[in-house]
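For reference, the structure is listed below as structure tokens.
Residue numbers (the numbering used here), protein chains in the order written: chain A, 1 to 283; chain B, 1001 to 1140; chain C, 2001 to 2109.
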């Protein structure tokens, strides 16, 4: 019978030799549903001084994990997208509106994920998709805020992301966003915790190496929200940041904090040119 | 080679590691019991069933597994390092095309996945695959 | 009934008589194994989908017994032969007594 081929690639073979240095992502290419071509490797944006090529985290995963993301039916992250489709149509709050009341179908959100976080003139600050969703809920719908990294929120971000898959990430870092971007860059290179590790130590200096049994990626966030095999749910960018910072044995910033918003803008900008992949599947 | 105390210590700790490794499948007897119960101790053939599993699973929580057993009436999967060895039993009805399927399973640790097919003629076939379950670097 | 449980199936809409078709199924379900403990050290009771069946026009394709070692959001891929036009019925049985089902029509011609 025909199965999606589940061959063990070179990545998996190398995991057997954790003592050996290696630096290459694999050579696989990603097309979703046989239809959406995903750019998983491209020239690093000019502002990224220490990388010449950027790779999606998908390229650092085993063939089996990669296969989960190649078909929407095989991708358990799409369960979250389906949950969000129900919420999209569901009237909530005092104004008697749903998302659909103003935005029609979710496909009208195409392109949004690619440019966020983004400067919001009215608010005079950089906002994330989560903040815009909660702004819609409180200002326009008269509904309760969702928890920043809660299930309903992350599912909705995944739905909004899913309609931008294949589009290049292109967050603006100049103009009014520059100050926030600079703050994010500062955080990226700041060592935290008892282990004294910065984002850069792992994801810039050491990508491709093994951290225990884990193949370190460049830490791009073009695939978020990400369904992790580990906790079998969609994970948001800020929840992942929190996990990373905690793993350096530091007190972490809070999801939705100005620090993590700035870091999200900076990290997103390092992936400018990769395709939006969310909801992706990772280990 | 002159055997110094230091070398002897190193040698000793090496054999200890080997001994520990060889006793890895701690629950293997449970699986043997479960298989014996399934087959009634009948002889086991090999070759008519194939089992596809990753050599290394990036996370033991979700491991893709597939089997193909032409001529099987039912197939039972076991994981010999799990606290409970039984994973699933697939019974094939008259409208099943191939006698194969794929699913996703939990593996508590590095271990063998065992597939036992009960063939339409009542005989048994077995296939086994060792899956290394890695412990990640980042809990996230 | 456990919350958030929703079956999904993927079946081709058309096939030739006697053709082999591939079916994929997935149901959102926690599959609580009964092996985990909560923060107070108490065992979280087992709560899983324990059986899945697929039938076509009343005849069985596959009948699966699931144990707690099946991952969260149980997924199956398998193959069926379709002798004539008709309807697939997929059924999942929960430990808590709930039964979830869904149907898909297929045209043979």
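Note that CB positions come from ideal geometry on N, CA and C, so glycine has one too. Just so you know, these numbers come straight off a predicted model, no measurement behind them.
Residue 2007 of chain C, DSSP secondary structure in three states: strand
Where residue 62 of chain A meets chain B, residues with beta-carbon distance less than 7 Å: 1054, 1056, 1058
Chain C contact residues for residue 117 of chain A, given Cβ-Cβ distances below 7 Å: Result: empty, since nearest Cβ-Cβ is about 29 Å, beyond 7 Å.
Simplified DSSP assignment, three categories, for residue 2102 of chain C: strand
Close beta carbons around residue 228 of chain A, own chain, < 6 Å, minus the five adjacent residues each side: 235, 282, listed in sequence order.
Residues, ordered as in the chain, of the region 2053-2086 of chain C that lie near chain A by beta-carbon distance below 8 Å: 2071, 2072, 2073, 2075, 2077, 2079
Partners in chain A for residue 2028 of chain C, counting only beta-carbon separations shorter than 7 Å: 79
Exposure label - residue 240 of chain A; buried when at least 16 CB within 10 Å: With 16 or more Cβ atoms within 10 Å of its Cβ, residue 240 of chain A is classed as buried.
Three-state secondary structure assigned by DSSP to residue 49 of chain A: coil
Cβ-based neighbour list, residue 2093 of chain C, same chain, cut-off 7 Å, excluding 5 preceding and 5 following: Excluding residues up to 5 positions away in sequence, 2049, 2050, 2051, 2099 lie with their Cβ nearer than 7 Å to the Cβ of residue 2093 of chain C in the same chain.
Residues bridged to residue 260 of chain A [DSSP beta-bridge criterion]: Per DSSP, none; premise fails for residue 260 of chain A.
Below-8 Å beta-carbon distance, residue 2037 of chain C vs any chain A residue: no
Residue 53 of chain A beta carbon less than 8 Å from that of residue 63 of chain A: With a cutoff of 8 Å on beta-carbon distance, residue 63 of chain A and residue 53 of chain A are scored as not near each other.
For residue 1054 of chain B and residue 214 of chain A, the rounded distance between their alpha carbons: 16 Å
Secondary structure, beta strand (DSSP E): runs of 3+ residues fully inside the region 31-113 of chain A: 36-38, 41-43, 53-55
Through-space distance from residue 100 of chain A to residue 156 of chain A, alpha-carbon basis: Computed Cα separation, rounded: 13 Å.
Sequence-distant residues of its chain with Cβ nearer than 7 Å to residue 94 of chain A (five each side left out): Here residue 94 of chain A has 142 as same chain residues with Cβ atoms under 7 Å from its own Cβ, once five neighbours each way along the sequence are excluded.
Selected residue, minimal CA-CA separation from residue 74 of chain A, among C:2012, C:2019, C:2025, C:2005: C:2025
Cutoff 8 Å; reference residue 252 of chain A; Cβ partners in own chain excluding five residues on either side: 241, 242, 245, 246
Residue 114 of chain A versus residue 86 of chain A: straight-line alpha-carbon distance, rounded: 23 Å
Residue 121 of chain A burial status per 10 Å Cβ neighbour count (16 or more: buried): exposed
Residue 190 of chain A classed as buried or exposed, judged by whether at least 16 other C-beta atoms fall within 10 angstroms: exposed
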